[in-house]
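Going from the sequence shown to this note's numbering is simple: count from 1 and add 1.
Backbone N, C-alpha and C define an ideal beta-carbon position, used for all residues, glycine too.
Down below is the structure, laid out as structure tokens.
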Amino acid sequence: MYKKGAIEGVVIKPLKKYIDDRGWLVELFRHDELDEDVYPVMSYVSETLPGVARGPHEHKDQTDYFAFIGPSNFKLYLWDNREGSPTFSNKMVVYLGQDNPAVAIVPPGVVHAYKNVGATPGLVFNAPNRLFAGRDRKEPVDEIRHEDNPDAPFYLD
């Protein structure tokens, strides 16, 4: 059973919007502010419709670097599934997005899912430290898809 608590290695970093007459700008990442082992090697943006969730799933080797900047708001769910971790079996829930722009760094072995809890389609940026399906997309995908297992203990409300 998972209990509420912080998860070692998960970083939630607020993002600052620089606003002027033209609109706004947000720095999503800088190498001088990241550990080398989480340097992004690719990036993508996904759209998630209102009320829809992605996950839960986890990675064996990949660290995800999510940026939730809007539009819309998301509920991010995290479960520490790493045996031997000092925070093993902890669960975190964080609200991020248009009203609370932030980055979430999710290390390997931490199960994660997010749900669009807003009224409009929402965008999520991810810059993981591993290539999807490896070089030239010729390797197995590093993803354990708990969303495909109805008996998985990872629940979204």
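Check	Outcome
On the three-state DSSP scale, how would you describe GLU9?	coil
Along the chain, where does the beta strand (DSSP E) containing ALA103 start, and where does it finish?	103–107
Once the 5 residues before and after ARG146 are set aside, which same chain residues still bring their CB inside 7 Å of it?	HIS58
With 16 as the cutoff for other CB atoms within 10 Å, does ARG31 come out buried or exposed?	exposed
Taking C-alpha atoms, which residue in LYS4, ASN74, TYR19, TYR3 lies nearest to ASN101?	ASN74
Among the candidates VAL53, GLU9, ILE70, whose CA atom is the shortest distance from the CA of VAL27?	ILE70
Report yes if the CB atom of ASN130 is closer than 9 Å to the CB atom of VAL12, and no otherwise.	no
Count Cβ pairs between the stretch 36–53 and the stretch 80–94 that sit closer than 8 Å; are there 3 or more?	no
Grab the span of the beta strand (DSSP E) containing GLU39 for me, first residue to last.	Residue identity check: residue 39 is Val in the sequence provided, not Glu. Premise fails: VAL39 is in no beta strand (DSSP E) and is neither H nor E.
MET93 and GLY10: beta carbons closer than 9 Å?	no
Flag GLY10 as yes if its beta-carbon sits less than 9 Å from any beta-carbon of chain B, otherwise no.	Note that chain B does not occur in the displayed structure, where there is just one protein chain.
Thinking C-beta only, is VAL107 closer than 9 Å to PHE67?	yes
Are there 16 or more other CB atoms within 10 angstroms of the CB of VAL104, so buried, or fewer, so exposed?	buried
Measuring alpha carbon to alpha carbon, tell me which of GLY110, TYR156, ASP33 ends up nearest SER86.	GLY110
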